[in-house]
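Sequential numbering of the sequence shown, starting at 25, is according to the working numbering. Note that beta-carbon positions come from the ideal geometry of N, C-alpha and C, so glycine has one too.
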Amino acid sequence: MKCKSNFKNGAWTFNFKAEPELGDGDFSNKVRFSRESFVIEMPKGFNPDDVHPDLYGLAVLLSVYPFVGKRIELDKAVSPVFANAFKKLSNKSISPIDEGIEVRKPPSHSVPGLAFSGGVDSTAALTLLPASTVAIFLERIIPEGVKTIYRKDAAKFSVEELRKAGRAVHSIRTDLEYLRDPVGFPVDVSNSVPAILLADHIGLDSIAFGTILESAYRVGHEKYVDYAVRSHYIRWGTLFEISGVPFNLVTSGISEVGTSKIVLESEFGYLAQSCMRGGVRNPCFNCWKCFRKLLLDRVLSGEPIPDDLLDKAFSIKEAKKFLSKDFIKHQNVIEFISSMYSGNHKGMRLLADKVCNNHNISMYKKWYSKSVKFIPAQYREHVTQKISRYLDIMSPKEEKAIEDYNLEEILSSDSYKTASDKFANYLLQ
Ligand SMILES: [Zn+2]
């Protein structure tokens, strides 16, 4: 794979050429490399020559990594430290290399950046980070003639409100997500490409994400895994670190239950909207995210959930699809909601029979403080103090419950299957 870019009047175009080389191109049958270029619109005063070569290399990798067979060749040399690390971590190579390039050191007086989406988790992250944090929103450019249910109005409103509140925010337009089909981020942290390219322009010393406990530690999936040993962290965490923008994962020890609790109490909470299909402060109430959010907010605020609302929730097509699977995505969150529910709605009772497997659920409202290691040292104290304003810290017993999280046995038990079938039948009615 080859990459060349050109910069004209603020528009930075990245062109890729998949060589006739083994492995270049499609990632899988499901995710295909569908375009050979993308554009990103940089702010006034931005100079591409100021971008450290390793940041440039990192941004390119986050754009096409899954589609690179064995090697990628750029139009700019990267540092030997970056290239060697990439080779070791991926078994692919990046070139050219200039032995004279030193790794990037963030400038003095640098600040944290946040890959901001406008959703609940990244709004929780913004709440916990210092006020000097620069929020950077990747605004998807929708190509002409393309029809989509994706709506960015709520996120754009959020950006505007933060700006009015005196916060530093950038909204950077790009069609990067159209490099692949189906449309989306080639790597889950590709949403930070604007922040990476702006890191030297702004002076960033880290990049924060709204990564939560469920994504980092696989809680709510089948089994807990320490994020520090997961290949995602080892590969991308290391490359970000070498590029002078280490991960700043302030919410990685907080469950979706916890980020929702933070947002309910945060000054910016009214801006958070995870639904990408509704309008401003008007979620669609027809998607899986809306299903979880609506019920979660109710149980967290101690409000009863009326039966007619539940009827409506259980009729959401996308929610039915997720709920009727044997294993539900973010099952721990659904378990939390079901355990907190005290009414007699038939669907909710059947759901509770399926997912409430006597787990201790109190810890989902608390902070798993071992995750502090994913926050750069200079921000740990601030963030810890901020978190403790909203959440309790898990006890050693609760930490152990997190680390012992394992649904494998339960999922294969007969009683689980029976309960799962009963609930699936209910959804069919
Ligand atoms: Zn929605």
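Judged by DSSP secondary structure, LEU98 falls within the beta strand (DSSP E) whose first and last residues are 95 to 102. Taking non-hydrogen atoms of ligand 1 into account, the C-beta of CYS380 is found less than 7 Å away from none of them. DSSP lists ASN30 and VAL63 as the beta-bridge partner residues of THR37.
For VAL102 and GLU60, the gap between their C-alpha atoms comes out near 22 Å. Summarising the contact set, residues whose Cβ lies nearer than 7 Å to any heavy atom of ligand 1 are, in chain order, CYS299, ARG301, GLY302, PRO307, CYS308, PHE309, ASN310, CYS311, LYS313 and CYS314. Counting C-beta atoms within 10 angstroms of its own C-beta, LYS317 has 16 or more neighbours from the protein chains shown and is therefore classed as buried. Under a 10 Å Cβ-count criterion, GLU327 is classified as exposed, with fewer than 16 other Cβ atoms of the shown protein chains found around its own Cβ.
Under the three-state reduction of DSSP output, THR275 falls in the coil class, being neither helix nor strand. Annotation for LEU228: the continuous beta strand (DSSP E) segment containing it runs 228 to 232. Cβ atoms of GLY277 and LEU237 come within 8 Å of each other, at about 6 Å.
Under DSSP, GLU432 takes part in no beta bridge, so it has no partner. LYS129 and GLY49 have their C-alpha atoms roughly 34 Å apart.
Between ALA232 and LEU138 a beta carbon distance of about 4 Å is seen, short of the 8 Å cut, so the two are scored as contacting. The residues PHE309, ASN310, CYS311, TRP312, CYS314 and PHE315, in chain order, have a CB closer than 8 Å to that of ILE340 in the same chain once the five nearest residues on each side in sequence are set aside.
The C-beta distance from LEU431 to GLU246 rounds to 5 Å, short enough to meet the 8 Å contact threshold.
No residue range can be given for VAL269, since it is assigned to no beta strand (DSSP E) and is classified by DSSP as neither H nor E.
Around the beta carbon of ASP73, fewer than 16 other beta carbons sit within 10 angstroms, so the residue counts as exposed.
Rounded to whole angstroms, the separation of the alpha carbons of VAL144 and GLN297 is 6 Å.
Boundaries around SER119 are those of the beta strand (DSSP E), 117 to 121, since no alpha helix (DSSP H) includes it. Taking a cut-off of 8 Å for Cβ pairs, the stretch 63 to 82 and the stretch 197 to 210 touch, as three or more such pairs fall below it. Separation of the CB atoms of ILE266 and VAL127 is rounded to 6 Å, and the pair is thereby assigned contact status at 8 Å. Around the beta-carbon of LEU452, fewer than 16 other beta-carbon atoms lie within 10 Å, marking it exposed. The stretch 73 to 89 makes contact with the stretch 98 to 115, as at least three CB pairs between them are under 8 Å.
DSSP places VAL193 within a strand segment (E or B) once states are collapsed to three. In this structure LYS68 is exposed. Its beta-carbon is surrounded by fewer than 16 other beta-carbon atoms within 10 angstroms. DSSP places ILE160 inside the beta strand (DSSP E), whose first and last residues are 158 to 164. Distance from the CA atom of HIS194 to the CA atom of LYS41, rounded to whole angstroms, is 30 Å. Here the C-alpha atom of HIS225 lies approximately 54 Å from the C-alpha atom of LEU374. According to the DSSP secondary-structure assignment, THR172 is paired through a beta bridge with no residue.
DSSP places ARG305 outside both helix and strand once states are collapsed to three, so it counts as coil.
Residues THR235 and PHE398 of the same chain have their beta carbon placed closer than 6 Å to that of LEU273, with the five preceding and five following residues left out of the count. Assigned with DSSP and collapsed to three states, LEU138 falls in strand.
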